[in-house]
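Asks: If you're matching them up, the sequences are chains A and B in order.
Basically the numbering used here = 1-based index in the first sequence + 534.
Basically the numbering used here = 1-based index in the second sequence + 11.
Even glycine gets a Cβ: it sits at the ideal position worked out from N, Cα and C.
Note that the structure is a prediction, hence the values are computed from the model and not measured.
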Amino acid sequence: MVEKPDSGSRATGPGMAPAVSDVDAWFGREILPLEAALMEFLQHNWRNKADLTDFRQDVYVRVYQAAQKQIPDHPRQFLFTAARNLLIDRVRHEQVIPIEAAADLEALEIAVDAPTPDRTLMARDELRRVQAALDRLPAREREAILLGRVEGLSRREIALRMGIAESAVAQYLSRGIRGLVNTLCNEPPTVRRKS
Amino acid sequence: MITADDIERQASEWIERRDFGIWSEADAKDLETWLGQSPAHRVAFLRLDFEWKRTERLAALRPIKPQSNDTPPGKWHRTLRIAAAVAILGLVGGVGASYVFTQSGKSYSTPLGGRKVLTFADGSQIELNTNTVIRIAMDEHKRSAVLESGEAYFSIKHDASRPFVVTAANHKVIDLGTKFLLRTSGNKLEVALVEGSAKVEPAGADQSQHAVTLRPGDIAYALPGSVSVVRKTPADIGSDLGWRRGMLVFRHATLSEAAEEFNRYNAQKIVIADPETARLTFSATLPTHDTHTFVRILSKLFSTHSQTTTEGIVISR
Numbered sequence: 535m536v537e538k539p540d541s542g543s544r545a546t547g548p549g550m551a552p553a554v555s556d557v558d559a560w561f562g563r564e565i566l567p568l569e570a571a572l573m574e575f576l577q578h579n580w581r582n583k584a585d586l587t588d589f590r591q592d593v594y595v596r597v598y599q600a601a602q603k604q605i606p607d608h609p610r611q612f613l614f615t616a617a618r619n620l621l622i623d624r625v626r627h628e629q630v631i632p633i634e635a636a637a638d639l640e641a642l643e644i645a646v647d648a649p650t651p652d653r654t655l656m657a658r659d660e661l662r663r664v665q666a667a668l669d670r671l672p673a674r675e676r677e678a679i680l681l682g683r684v685e686g687l688s689r690r691e692i693a694l695r696m697g698i699a700e701s702a703v704a705q706y707l708s709r710g711i712r713g714l715v716n717t718l719c720n721e722p723p724t725v726r727r728k729s
Numbered sequence: 012m013i014t015a016d017d018i019e020r021q022a023s024e025w026i027e028r029r030d031f032g033i034w035s036e037a038d039a040k041d042l043e044t045w046l047g048q049s050p051a052h053r054v055a056f057l058r059l060d061f062e063w064k065r066t067e068r069l070a071a072l073r074p075i076k077p078q079s080n081d082t083p084p085g086k087w088h089r090t091l092r093i094a095a096a097v098a099i100l101g102l103v104g105g106v107g108a109s110y111v112f113t114q115s116g117k118s119y120s121t122p123l124g125g126r127k128v129l130t131f132a133d134g135s136q137i138e139l140n141t142n143t144v145i146r147i148a149m150d151e152h153k154r155s156a157v158l159e160s161g162e163a164y165f166s167i168k169h170d171a172s173r174p175f176v177v178t179a180a181n182h183k184v185i186d187l188g189t190k191f192l193l194r195t196s197g198n199k200l201e202v203a204l205v206e207g208s209a210k211v212e213p214a215g216a217d218q219s220q221h222a223v224t225l226r227p228g229d230i231a232y233a234l235p236g237s238v239s240v241v242r243k244t245p246a247d248i249g250s251d252l253g254w255r256r257g258m259l260v261f262r263h264a265t266l267s268e269a270a271e272e273f274n275r276y277n278a279q280k281i282v283i284a285d286p287e288t289a290r291l292t293f294s295a296t297l298p299t300h301d302t303h304t305f306v307r308i309l310s311k312l313f314s315t316h317s318q319t320t321t322e323g324i325v326i327s328r
């Protein structure tokens, strides 16, 4: 048997950690597009919604750290296994097991396989989504982002244009970036209900 | 305790500084240090940066420099007044008739489910999809069209002395040697550039909006007062053109998108009963008129049920 050079991560032998840039690219390409599905999964299986952002971060850290050693072959499965393990850890940690959490953990395998809208696959929707995400920003943040992103102005130029302090612009921009990304990642694709 | 929200805020501040502030090599080093401090920092940054880059294509929408900058306003005024006088004189005389004709052109339309190919003397072709109304004016001085509603595929022979201009949903698309697809409904306009290049700009006289030059693979999405651009793969653009051979090509489309597409071609409408079902995704190539195969495939793939009502075929799980 001849080992094919294009067999991906398998070709990387034990002890040969993948390059940081490869892990980063893999993470962006394979894991981030699953975020809407991941959040749906976490939401479905955890009562306290305030925990979800921290959970998401913990899941990402687990996945990223594992990928630093070796890039997983099945990203989707890997991500959801990490999410499931995290939930189980938390349930144990909380000691009092919420009944619905315990019940759902039994059924997790099925939940993972349920068809979910894949964000990357919704290329058709992409434009509408960026537009809609922009539209949802507060007016000042949207203005700053548009001046920066569309007109290519610097923070300083935006400050002049908007007639406010540079520090305020920096705040609008960084908040705008967060708002935009969180909308893009977590919003399920627009579903128009016919009635 | 540092929460994920705190880390996310810090990550966004790094991106803001890098993209909009003053950024030196020392800053880049500081960022590296911060990223190395904790994997939580790194994943938060990667997530924001990766998604933020998706909006990068917005940068293509640069504003046009107002022309009045290079010309003294007084002179402009006079030129305009003379031009207006000439135009009025022209309208009174014999030229008027052809002027009016050029403005209105000839109207073509297709019914629901119809398709039509128009071929012009210069070799240009315009292919109309279902439920489309277009007015076209072609003469030795100018070539223009108004897409009133629906969808059309333009394959235009370039002629620098007579650029081809299509108006739709308050925007103008100016061909610079091109094949492109235009789709409009209400005040929305979608332009997909297949070959060559084209410019999209607002149709009104005085608007502070931007002109966008499209390259192959670009899709411009225009609403009143805004145009945004994303890139598609050739395969995706090909899918959008499936109707030219009577097919609908779905690539990871949701059922609601697919139903909407079928409903553009067929009198018997497909209604997806609930949001859950509407969100299911599938890939297939189906004839535009074959709603029944569509319904059958859905029941195979997702075990959906269908029921024919006065509203149409209702799909549920």
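Any beta carbon of chain A sitting closer than 7 Å to that of Thr66/B?
Replies: Walking along the second sequence from the start, residue 66/B turns up at place 55. Yes - at least one Cβ of chain A is within 7 Å of the one on Thr66/B.
Asks: Checking contacts by CB at 7 Å: is Ser310/B closer than that to chain A?
Replies: Here residue 310/B corresponds to residue number 299 of the second sequence, with the count starting at 1. No, Ser310/B lies away from the interface with chain A (no Cβ there is under 7 Å from its Cβ).
Asks: Any C-beta of chain B sitting closer than 7 Å to the C-beta of Tyr598/A?
Replies: Taking the first sequence and counting its residues from 1, one reaches residue 598/A at position 64. For Tyr598/A, the answer is yes, since a Cβ of chain B falls inside 7 Å of its Cβ.
Asks: May I ask you to report which of helix, strand or coil DSSP gives Gln318/B?
Replies: Numbered from its first residue, the second sequence carries residue 318/B at position 307. Gln318/B falls in the strand class under three-state DSSP.
Asks: Under a three-way DSSP split, which group does Ile75/B fall into?
Replies: Numbered from its first residue, the second sequence carries residue 75/B at position 64. For Ile75/B, the predicted structure reports a pLDDT of 35, less than 50, and the residue's modelled location is therefore unreliable. A value from the coordinates is still provided. If DSSP states are grouped into helix, strand and coil, Ile75/B belongs with coil.
Asks: Got a sec? Which residues, its chain only, sit under 6 Å from Val715/A by beta carbon, not counting five neighbours each side?
Replies: Looking up residue 715/A in the first sequence gives position 181. Closer than 6 Å at the Cβ level, and outside the excluded window around Val715/A, lies no residue.
Asks: Using a 10 Å radius around the Cβ and a threshold of 16 neighbouring Cβ atoms, would you call Met550/A buried or exposed?
Replies: In the first sequence, counting from the first residue as 1, residue 550/A sits at position 16. Under this definition Met550/A is an exposed residue.
Asks: Cα-Cα, which of Thr717/A, Gln599/A, Ile711/A and Arg610/A is closest to Ala667/A?
Replies: On the first sequence, residue 667/A is found 133 positions in, with the first residue counted as 1. Residue Thr717/A is the option with its Cα nearest to Ala667/A.
Asks: I'd like the list of long-range same chain contacts for Arg146/B, defined as Cβ closer than 6 Å, with 5 residues on each side in sequence excluded.
Replies: In the second sequence, the residue the question calls residue 146/B occupies position 135. Excluding residues within five positions, the ones whose Cβ falls inside 6 Å are Gly116, Ser118 and Val157.
Asks: Does the separation of the CB atoms of Ile622/A and Ser23/B fall below 7 Å?
Replies: Residue mapping note: residue 622/A aligns to position 88 of the first sequence, counting from 1. Residue mapping note: residue 23/B aligns to position 12 of the second sequence, counting from 1. Contact: no.
Asks: Per DSSP, what kind of secondary structure is Val282/B in: helix, strand or coil?
Replies: Position 271 of the second sequence, counted from the first residue, corresponds to residue 282/B. Of the three classes helix, strand and coil, the one that applies to Val282/B here is strand, per DSSP.
Asks: Under 7 Å between beta-carbons, which chain B residues line up against Phe561/A? List them in chain order, please.
Replies: Counting from one through the first sequence, the residue named residue 561/A turns up at place 27. Correct list: Leu57.
Asks: Can you give me the C-alpha to C-alpha distance between Val554/A and Gln665/A, rounded to a whole angstrom?
Replies: Locating residue 554/A in the first sequence gives position 20, where the first residue counts as 1. Locating residue 665/A in the first sequence gives position 131, where the first residue counts as 1. Approximately 32 Å between the Cα atoms of the pair.
Asks: Can you name the start and end residues of the beta strand (DSSP E) that Arg154/B belongs to?
Replies: Numbered from its first residue, the second sequence carries residue 154/B at position 143. Arg154/B -> beta strand (DSSP E) spans Arg154 to Ile167.
Asks: When the Cα atoms are used, what is the spatial distance from Thr304/B to Leu297/B?
Replies: Stepping through the second sequence from its first residue, residue 304/B is reached at position 293. Stepping through the second sequence from its first residue, residue 297/B is reached at position 286. One C-alpha to the other measures close to 8 Å.
Asks: To the nearest angstrom, how far is it from the Cα of Pro606/A to the Cα of Arg563/A?
Replies: By one-based count along the first sequence, residue 606/A stands at place 72. By one-based count along the first sequence, residue 563/A stands at place 29. Straight-line Cα distance between these residues: approximately 13 Å.
Asks: Rank Gln48/B, Gly125/B, Trp45/B and Phe191/B by C-alpha distance to the C-alpha of Met258/B and give the top, closest one.
Replies: Within the second sequence, numbered from 1, the residue matching residue 258/B stands at position 247. Comparing Cα-Cα distances from Met258/B to each of Gln48/B, Gly125/B, Trp45/B and Phe191/B, the minimum goes to Gly125/B.
Asks: So Lys64/B is in the alpha helix (DSSP H); what residue range does that whole segment cover?
Replies: Within the second sequence, the letter at position 53 stands for residue 64/B. Where Lys64/B is concerned, the enclosing alpha helix (DSSP H) stretches over Pro50 to Arg65.
Asks: Of all the options Val205/B, Glu272/B, Pro213/B and Arg53/B, which has the alpha carbon lying nearest to the alpha carbon of Gln602/A?
Replies: Sequence index remark: in the first sequence, residue 602/A carries index 68 (1-based). The option with the nearest alpha carbon to Gln602/A is Arg53/B.
Asks: Does the Cβ-Cβ distance between Phe31/B and Leu707/A come in under 7 Å?
Replies: Along the second sequence, one-based indexing puts residue 31/B at 20. Along the first sequence, one-based indexing puts residue 707/A at 173. Yes, the Cβ-Cβ distance between Phe31/B and Leu707/A is below 7 Å.
Asks: From Val238/B to Val625/A, what distance separates their C-alpha atoms?
Replies: In the second sequence, residue 238/B corresponds to position 227, counting from 1. In the first sequence, residue 625/A corresponds to position 91, counting from 1. Roughly 48 Å separates the two Cα atoms.
Asks: Could you check if Trp254/B is buried or exposed, using at least 16 other CB atoms within 10 Å of its CB as the buried criterion?
Replies: By 1-based counting over the second sequence, the position of residue 254/B is 243. Answer is buried; the Cβ neighbour count reaches 16.
Asks: Cβ closer than 7 Å: which chain A residues qualify as neighbours of Ala51/B?
Replies: Sequence index remark: in the second sequence, residue 51/B carries index 40 (1-based). Ordered by position in chain A, the residues that pass the 7 Å Cβ test against Ala51/B are Gln591 and Val595.
Asks: Residues in the same chain with beta-carbon distance under 8 Å from Asp133/B, minus the five sequence neighbours each way, listed in chain order, please.
Replies: As a working note, residue 133/B is residue 122 in the second sequence. Excluding positions up to five away in sequence, the list reads Met149, Arg154, Lys168 and Asp170.
Asks: List the endpoints of the continuous alpha helix (DSSP H) containing His303/B.
Replies: Residue numbering aside, residue 303/B sits at position 292 when the second sequence is read from its first letter. Note, His303/B: alpha helix (DSSP H), Thr302 to Phe313.
Asks: Under DSSP, the beta strand (DSSP E) around His578/A begins and ends at which residues?
Replies: Residue 578/A sits at position 44 when you count from the first residue of the first sequence. Taken as a continuous stretch (DSSP letters only), His578/A belongs to no beta strand (DSSP E), being part of the alpha helix (DSSP H) at Glu569 to Asn579.
Asks: Tell me, please, whether the CB atom of Ser23/B is closer than 7 Å to any CB atom in chain A?
Replies: Counting from one through the second sequence, the residue named residue 23/B turns up at place 12. Output row for Ser23/B: interface = yes.
Asks: Relative to the C-alpha of Leu568/A, which candidate in Asp588/A, Ala600/A, Val557/A and Phe612/A has its C-alpha closest?
Replies: Here residue 568/A refers to the residue found at position 34 when the first sequence is read from its first residue. Nearest of Asp588/A, Ala600/A, Val557/A and Phe612/A to Leu568/A, Cα basis: Phe612/A.
Asks: Measuring straight from C-alpha to C-alpha, what distance separates Ser166/B and Leu566/A?
Replies: Sequence index remark: in the second sequence, residue 166/B carries index 155 (1-based). Sequence index remark: in the first sequence, residue 566/A carries index 32 (1-based). Cα to Cα, Ser166/B sits roughly 38 Å from Leu566/A.
Asks: In chain order, what residues of the same chain have a beta carbon less than 8 Å from the beta carbon of Thr288/B, not counting five sequence neighbours either side?
Replies: The residue given as residue 288/B occupies position 277 in the second sequence. Counting only Cβ-Cβ distances below 8 Å, and skipping sequence neighbours, we find Leu266, Phe313, Thr315, Ile326, Ser327 and Arg328.
Asks: Answer yes or no: does any C-beta atom of chain A fall closer than 7 Å to that of Trp63/B?
Replies: Indexing the second sequence from 1 puts residue 63/B at position 52. Cβ-Cβ to chain A under 7 Å: yes for Trp63/B.
Asks: Taking Cβ positions only, does Gly697/A come closer than 7 Å to chain B?
Replies: What you label residue 697/A is simply residue 163 of the first sequence in a count that begins at 1. No - not a single Cβ of chain B is within 7 Å of the one on Gly697/A.
Asks: Measuring alpha carbon to alpha carbon, tell me which of Trp560/A, Val703/A and Arg709/A ends up nearest Arg610/A.
Replies: Taking the first sequence and counting its residues from 1, the one referred to as residue 610/A is at position 76. Closest option to Arg610/A, Cα to Cα, is Trp560/A.
Asks: In angstroms with no decimal places, state the Cα-to-Cα distance between Ile248/B and Ala203/B.
Replies: As a working mapping, residue 248/B is identified with position 237 in the second sequence. As a working mapping, residue 203/B is identified with position 192 in the second sequence. Cα-Cα distance, rounded: 7 Å.
Asks: Please state the DSSP three-state secondary structure of Glu677/A.
Replies: Taking the first sequence and counting its residues from 1, one reaches residue 677/A at position 143. Glu677/A: helix per DSSP, three-state reduction.
Asks: Got a sec, what are the start and stop residues for the beta strand (DSSP E) Val7/B sits in?
Replies: One cannot answer for residue 7/B here, as it falls past the ends of chain B, which runs 12 to 328.
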